[in-house]
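Structure, as structure tokens:
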Amino acid sequence: MSASLTLTTSDRPDGVRVLTAVGEIDMSNASSFADALAEGVRPEGEPLVVDLTKVEYLDSAGLAALFPHADRIALVAGPLLEPLLTISGLADLTTVRRA
Numbered sequence: 001m002s003a004s005l006t007l008t009t010s011d012r013p014d015g016v017r018v019l020t021a022v023g024e025i026d027m028s029n030a031s032s033f034a035d036a037l038a039e040g041v042r043p044e045g046e047p048l049v050v051d052l053t054k055v056e057y058l059d060s061a062g063l064a065a066l067f068p069h070a071d072r073i074a075l076v077a078g079p080l081l082e083p084l085l086t087i088s089g090l091a092d093l094t095t096v097r098r099a
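Counting from 1, position 59 in the sequence shown corresponds to residue 59 in UniProt numbering; the numbering is continuous, with no gaps.
Next comes the structure, spelled out in structure tokens:
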């Protein structure tokens with residue numbers, strides 16, 4: 001059974017692309033998350049903002065999807081995920097802003 005995950009990509013008026021994830025990211029849907037990241041990241045310009053504020057669960061498969069893009073993303077996370085992003089070392093590789 002796959003966890004519930006909704007992924008939406010949009011462009012803000014200032015041209016910054018935002019990937020918003022809502023739900024749970026685990027091994028059942030991490031490939032969809034990885035695909036959305038790959039499609040949203042631009043080789044040049046502003047980093048892709050990955051909004052994780054409405055993610056209720058993020059496992060190692062979800063974290064693994066983020067690491068290859070660490071140099072081209074900026075994360076927005078709530079208090080639930082912020083410690084996980086720090087402990088995993090991802091916060092040392094990319095910007096993590098608290099919502």
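Don't be surprised by glycine CBs; every beta carbon is placed ideally from N, CA and C.
- Message: Among the candidates T9, V55, P83 and T53, whose CA atom is the shortest distance from the CA of D35?
- Response: Here residue 35 corresponds to residue number 35 of the sequence shown, with the count starting at 1. Nearest option by C-alpha distance: T9.
- Message: Going by DSSP in three states, A91 sits in which element: helix, strand or coil?
- Response: Taking the first residue of the sequence shown as position 1, residue 91 is located at position 91. Here A91 sits in helix by DSSP.
- At least three beta-carbon pairs within less than 8 Å, the region 11-19 to the region 58-69: no
- Message: Report the start-end ranges of each beta strand (DSSP E) in the UniProt domain "STAS" (6-99) that is 3 residues or longer and not cut off at the edges.
- Response: 17-25, 48-58, 73-77 and 95-98
- Query: Excluding sequence positions up to five away, which residues of its chain have a Cβ less than 8 Å from the Cβ of R72?
  - Reply: Position 72 of the sequence shown, counting from 1, holds the residue named residue 72. The residues are V41, R42, P43, P47 and L48.
- CB of A3 within 8 Å of CB of S28, strictly: Numbered from 1 along the sequence shown, position 3 holds the residue referred to as residue 3. Numbered from 1 along the sequence shown, position 28 holds the residue referred to as residue 28. Going by C-beta atoms, A3 is nearer than 8 Å to S28.
- For L85, does the count of other Cβ atoms within 10 angstroms reach 16, so buried, or fall short, so exposed? As a working mapping, residue 85 is identified with position 85 in the sequence shown. Buried, by the Cβ-count rule.
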